[in-house]
Each structure stands twice: as structure tokens, then as C-alpha cells.
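K.L.:
Mapping the sequence shown onto the UniProt record's numbering, position 22 (from 1) lands on 22, and the numbers just tick up by one. By construction, the Cβ of each residue, glycine as well, lies at the ideal position given by its N, Cα and C atoms. Next up is a structure, given as C-alpha cells.
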Amino acid sequence: MSISQIDAFEHYYGVQLPECYKSFLLHIGSGGRSYLNSGDGPFFGIYPFGENLDDLIHNNVEKHLKKECTLHPHITETQWDELTNPFYEEDISDEDYEELNGTLYGGILPLGSQGCSFIHALVLNGPYRGMVVNLDRGELSSPQFSKDQNFLDWYERWLDEIISGKLITTSPSWVGYPKK
């Protein structure tokens with residue numbers, strides 16, 4: 001991975017990647033031999049840079065990736081339901097669905113799969129920029145923000161848990177999820 005590849009991505013999508021994620025890409029890696037060519041990381045790994053951008057936003061990624069992220073760590077179930085209920089209206093048009101989807105997941109870069117409909121992603125814009133958020137693409141459960149303040153802290157915690165042999169792999173105690 002080179003800085004010119006990162007610069008080209010940022011220019012094309014009109015975003016500025018968080019510095020800690022750029023450092024990861026430049027000094028640790030991008031991609032590997034795992035599921036969807038993912039590199040080492042929690043669950044099914046970290047996607048190769050710039051791939052699987054449509055995991056959350058299916059159309060007009062260029063338009064929605066640069067939006068400010070509307071999600072936040074203290075979102076209540078009621079707030080989440082208010083944001084997602086319009087998706088289930090009987091007469092919603094494809095265009096309205098795509099716009100709602102882009103607004104809900106705008107400003108968020110998919111990082112990797114957790115299996116089924118769950119993924120981890122990086123907030124690109126807004127007050128929680130740089131934080132990792134765990135999302136259910138089926139919108140059935142509200143977003144779960146990692147307690148870590150940035151991508152590298154999240155990744156390092158995963159490494160620490162792997163090295164210690166104490167990685168808890170049952171929900172909701174997966175790495176990056178808050179312990180309840």
C-alpha cells in the first residue's frame with residue numbers, strides 16, 4: 001500500500017481517512033488470504049483497502065461516504081427504531097430506500113465481516129471520527145461503538161486478546177463490543 005493509493009482514494013471519494021487507519025494501511029497491511037481476501041483482524045479479518053465499500057451503501061457510495069456520520073455511541077433503541085422504521089414501509093420506493101440507506105450509513109467505511117449480517121466499520125466524518133462501530137446490516141439491532149477511541153486502539157486490543165488467549169468469542173463479548 002502506498003500513500004499515493006490512499007491519496008487517490010481520498011480524492012475520488014472526497015474523504016479524509018483517519019490518520020491511525022492510514023498508518024495501519026501503510027505500515028501493517030491491506031488484505032490477505034482470508035475470507036474476501038481479508039487480512040488479519042477481528043472476526044473474518046480486515047477487508048483489503050477500498051474493497052467491499054457497498055457492504056452498507058449499495059448505490060452512490062461516492063455521494064454517501066463523504067457525509068457526516070449520524071450514528072453515535074449513545075443511540076437508544078427508540079432512536080434506532082425511528083431511523084430504521086421507514087425502511088419497512090410498504091410503499092417505499094427504491095430511490096427513497098437508497099437515500100435512507102445512504103443517510104443512515106453515510107460517513108462510514110466498512111472494515112470487515114463478522115459473519116451473517118454483522119460488520120465492523122470505521123467512522124470517517126463527524127464527532128466520532130476514527131472510532132470503530134459494529135453494525136447489523138439488517139438494521140435489527142442498534143449500532144455498537146467500540147470503547148476504543150480509534151482504529152489502532154481497537155486493533156491493538158484485538159491483538160492483546162489474541163496473544164493473551166483470553167479472547168471471548170460469544171456475543172456480546174466479542175472484541176470491539178461493549179461488555180454488558
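When you compare the CB positions of Leu83 and Leu53, do they come within less than 7 Å of one another, or not?
P.N.:
As a first step, residue 83 is located in the sequence shown; it is residue number 83 there, counting from the start. As a first step, residue 53 is located in the sequence shown; it is residue number 53 there, counting from the start. No. Outside cutoff.
K.L.:
What is the residue span of the alpha helix (DSSP H) that Ile163 lies within?
P.N.:
As a working mapping, residue 163 is identified with position 163 in the sequence shown. Ile163 -> alpha helix (DSSP H) spans 151-164.
K.L.:
Which residue's Cα is closest to the Cα of Phe145: Ser30, Ser34, Pro73, Asp136?
P.N.:
Numbered from its first residue, the sequence shown carries residue 145 at position 145. Closest option to Phe145, Cα to Cα, is Pro73.
K.L.:
Would you mind giving the Cβ-Cβ distance between Val133 and Pro143, rounded to the nearest angstrom? I have them listed as a contact below 8 Å.
P.N.:
Taking the sequence shown and counting its residues from 1, one reaches residue 133 at position 133. Taking the sequence shown and counting its residues from 1, one reaches residue 143 at position 143. About 5 Å separates the two Cβ atoms, so the contact holds.
K.L.:
Between the alpha carbons of Gln114 and Phe44, how many angstroms are there, rounded?
P.N.:
In the sequence shown, the residue the question calls residue 114 occupies position 114. In the sequence shown, the residue the question calls residue 44 occupies position 44. Roughly 6 Å separates the two Cα atoms.
K.L.:
Hey, how far is the Cα of residue 192 from the Cα of Ser93?
P.N.:
Only positions 1 to 180 of the chain appear in the structure, and residue 192 is not among them; the question remains open.
K.L.:
Does the distance from the CB of Gly138 to the CB of Ser117 come in under 7 Å?
P.N.:
Position 138 of the sequence shown holds residue 138. Position 117 of the sequence shown holds residue 117. Contact flag set, yes.
K.L.:
Run through the segment 70-143 for me and flag every whole alpha helix (DSSP H) of 4 or more residues, listed as ranges in chain order.
P.N.:
As far as the segment 70-143 is concerned, its whole alpha helix (DSSP H) runs of at least 4 residues are 77-84, 94-104.
K.L.:
Please classify Ile44: does DSSP put it in a helix, a strand, or coil?
P.N.:
For the purposes of this step, residue 44 is identified with residue 44 of the sequence shown, where counting begins at 1. Sequence inspection shows Phe at residue 44; the Ile mentioned does not correspond to that position. Phe44 falls in the coil class under three-state DSSP.
K.L.:
Between the Cα of Ile75 and those of Arg157, Ser141, Gln149, Ser2, spot the shortest distance and give me the residue it belongs to.
P.N.:
Translated into positions along the sequence shown, residue 75 becomes position 75. When only C-alpha atoms are compared, the closest one is Ser141.
K.L.:
Spatial neighbours of Trp80 within its chain, please: CB distance less than 6 Å, with the 5 preceding and 5 following residues excluded, ordered by chain position.
P.N.:
Taking the first residue of the sequence shown as position 1, residue 80 is located at position 80. Within the same chain, Trp80 has close Cβ partners Ser142.
K.L.:
Counting C-beta neighbours from all protein chains within 10 Å, is the total for Asn85 16 or more, i.e. buried, or is it exposed?
P.N.:
Residue mapping note: residue 85 aligns to position 85 of the sequence shown, counting from 1. Asn85 comes out exposed.
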